[in-house]
Amino acid sequence: MLLLGIAIALNLWRLILGPSLPDRILALDTMYINAIALLVLFGIYQGSMLYFEAALLIAVMGFVGTVALSKYLLRGDIIE
Numbered sequence: 847m848l849l850l851g852i853a854i855a856l857n858l859w860r861l862i863l864g865p866s867l868p869d870r871i872l873a874l875d876t877m878y879i880n881a882i883a884l885l886v887l888f889g890i891y892q893g894s895m896l897y898f899e900a901a902l903l904i905a906v907m908g909f910v911g912t913v914a915l916s917k918y919l920l921r922g923d924i925i926e
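First residue of the sequence shown: 847, per this note's numbering; consecutive thereafter.
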């Protein structure tokens with residue numbers, strides 16, 4: 847779990863200091879994946895199914911957020 851914490855910190859660094867918007871979107875998407883992995887590992891450690899549901903919610907929100915940001919990057923607006 848320590849390595850995932852370090853990975854999240856490095857993703858946050860890339861998110862803040864990324865040279866371009868696609869780099870920031872990729873860092874945010876990778877941060878979602880690391881947060882999901884951290885929640886799943888913590889859920890296995892605690893033996894609770896609640897963490898798996900939270901990981902599923904983060905996965906769905908991460909997907910929707912990545913699609914919305916990518917559409918904004920390509921077209922300049924989200925809703926046509």
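Even for Gly, the Cβ is constructed at its ideal location relative to N, Cα and C.
Since this is a predicted model, take the numbers as computed values, not measurements.
By a C-beta neighbour count over all protein chains shown, 10 Å radius and 16 as the cutoff for buried, is residue i buried or exposed?
i, result
"Ala914", "exposed"
"Ala881", "buried"
"Leu885", "buried"
How close, in whole Å, do the beta carbons of residue i and residue j come, if the pair is a contact with beta carbons under 8 angstroms?
i, j, result
"Met877", "Leu887", "Contact doesn't hold; Cβ gap of about 16 angstroms is too wide."
"Ala883", "Leu850", "6 angstroms"
Which of the three DSSP states, helix, strand or coil, is assigned to residue i?
i, result
"Glu899", "helix"
"Gly911", "helix"
"Gly851", "helix"
"Ile862", "helix"
"Ile925", "coil"
| What runs of the alpha helix (DSSP H), each 4 residues or longer, lie entirely inside the region 864-897? | Within the region 864-897, the complete alpha helix (DSSP H) segments at least 4 residues long are 867-892, listed from N- to C-terminus.
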